[in-house]
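One structure is given here, and the rest of the page talks about it.
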DNA sequence: TACCAGGTTAGCG
DNA sequence: CGCTAACATGGT
C-alpha cells in the first residue's frame, strides 16, 4: 500500500490505470445507495475502524486520491486503516494493464478498454455486507434490491447525521443474529431471504464463516464449494462474493442476468447467449473474468 | 395481464 | 444425478 500522511488529510497513491471519474460513475449508479454519497465530485463515506467511526471525503488528485475528514480528526492508526480500506475498495494493488491487453484482443471487450479506462473493480470488503447484498439481489430487479438494502441499513445500521447529510454503517452480523424472520418480513424480505441472512449472520458470529478463513483457503473450487454449503449461497452468490469481496480475478457469475443482457447488447443478438456460448467467450478472458464481468455490468449504465 | 428481475432450495422421478 | 415449482414483489 502506498500512501502519504498529511495528518489532517491523507493521500492514497493510485496506479497509472486509474480514473476517479470512472469509479464515480459506478458509485453513483443508484439514487437509493445508503452507504456512500457522491457530491461535487467527492465521495463521502462513513467508515468503521477499530477505535472510531470516521466520515471520510475522497477526491481526485494528480497521481492519487486525497482523503480528508470533515467531522473530526482521526488518530494515526485510524488514518492508516482508512488508507488500507481505500486501497482495497478500489483494488489499487492490482496491475490491470494485462486486462486491457486481453480486452483489446477481444471482440466483445474491445471497446471497454478505452471507454471505461481506469475503472477499477469496486469491492465490498465487508464479507457480511457482500453476502447480504448478494442474497438481497437474488431474483428481483435491482431497484427493488436497493430499496430492500436501504430499509435493512436504516433499520439495523448505525447512523451519523451532520451538516453533510446522513451517513450509515452497514449492520453488523452481531446485530442481525438477534433478529427473527418476522423482523425482516416487515421490510418485505421473503421468508427465505430472511432465513438465509439471519443464518449467515449466526454462522459468522460463531466463527463457522469468516473472511479470514476464506482468504486462507486455497483453490477456487474449494472455496466456492465451502461457501455453497450455507443455505442461500448458490453458485451465483459464491462467484459474486469471490469477485467483490475476496477478489478472485477468475470469479465470474455465469448465470447473472445482467451479464447476459450486457452480452446480448454488445453482440447485438436477438436472444440472450446460452451458458455454453458464454463459456466459449470466456476462453479469451482467462485470468480476468472478474474484471470482464464488472465492465460488462458497467456497459449497462449507459 | 403476463413476464421478467444481479437465484436458490426442496422435492420429485 | 437432473428438472422444476415455489418463493415475494416491483417494474414494464
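Numbering (the working numbering), first residue to last: 102 to 403. Built from N, CA and C at the ideal position, the CB exists for glycine as well.
Asked: Residue 389 in three-state terms, based on DSSP; Found: coil
Asked: Pairwise C-alpha distance: residue 145 and residue 152; Found: 19 Å
Asked: Residue environment, residue 171, which counts as buried when at least 16 other CB atoms sit within 10 Å; Found: exposed
Asked: Sequence-distant residues of its chain with Cβ nearer than 7 Å to residue 204 (five each side left out); Found: 210, 211, 213, 214
Asked: Proximity below 8 Å, CB of residue 271 to CB of residue 254; Found: yes
Asked: Rounded Cβ spacing between residue 346 and residue 312 (contact assumed at less than 8 Å); Found: 7 Å
Asked: Neighbourhood of residue 109 by C-beta distance below 8 Å, restricted to the same chain and skipping five residues each side; Found: 169, 170, 174
Asked: Identity of the residues DSSP links to residue 145 by a beta bridge; Found: 138, 158
Asked: Reference residue 167, options 155, 182, 187, closest by Cα; Found: 187
Asked: Classification of residue 363 by the beta-carbon crowding that lies within 10 angstroms, buried from 16 upward; Found: buried
Asked: Per DSSP, the bridge partner or partners of residue 106; Found: 111
Asked: Limits of the unbroken beta strand (DSSP E) element including residue 268; Found: 266 to 270
Asked: Identity of the residues DSSP links to residue 126 by a beta bridge; Found: Bridge partners of residue 126: none, in fact.
Asked: DSSP three-state assignment for residue 178, whether helix, strand or coil; Found: helix
Asked: Start and end residues, alpha helix (DSSP H) containing residue 359; Found: 358 to 367
Asked: Separation of residue 148 from residue 288, as counted between CA atoms; Found: 25 Å
Asked: Under 8 Å between C-beta atoms of residue 348 and residue 127; Found: no
Asked: For residue 169, the residue or residues it bridges with in DSSP; Found: 110, 158
Asked: Residue range of the unbroken beta strand (DSSP E) whose run includes residue 262; Found: 259 to 263
Asked: Cut-off 6 Å between Cβ atoms - residues of its own chain near residue 367, not counting five sequence neighbours on either side; Found: 209
Asked: Short Cβ contact (8 Å threshold) for residue 136 with residue 269; Found: yes
Asked: Integer-rounded CB distance, given that residue 154 should sit under 8 Å from residue 261; Found: 7 Å
Asked: Test item: CB-CB of residue 221 and residue 119 under 8 Å; Found: yes
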